[in-house]
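Have a look at the structure below before the remarks.
In my numbering, the protein residues as written are 487 to 580.
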């Protein structure tokens with residue numbers, strides 16, 4: 487127990503700095519968790535399942551109606567343009 491009283495006596499002159507550090511640490515934890523909470527909502531909005539289902543449904547309909555294997559030009563177009571998710575999100579933002 488004497489060890490703790492010696493430590494407290496040694497820390498006593500720095501109690502203001504330690505209490506400020508504790509408050510700032512708690513604020514950091516609060517804002518860090520807040521940013522995680524906001525980013526989760528953003529990611530949910532970005533990858534909304536209904537929009538992804540619509541896009542996948544449209545792609546599968548076009549493939550089943552044609553009933554053909556993709557040609558080399560189709561594959562090159564997909565490689566250049568991507569899956570289209572970026573463009574669908576961009577059109578929603580604009």
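Every residue, glycine too, gets a C-beta built ideally from N, C-alpha and C.
Annotation: the continuous alpha helix (DSSP H) that includes residue 531 extends over 501 to 532. The C-beta separation of residue 497 from residue 504 comes to about 7 Å, placing the pair in contact by the 8 Å criterion.
Only residues of its own chain outside the window of five on either side were considered, and among them none has a CB closer than 8 Å to the CB of residue 515. Residue 579 and residue 508 have their C-alpha atoms roughly 41 Å apart.
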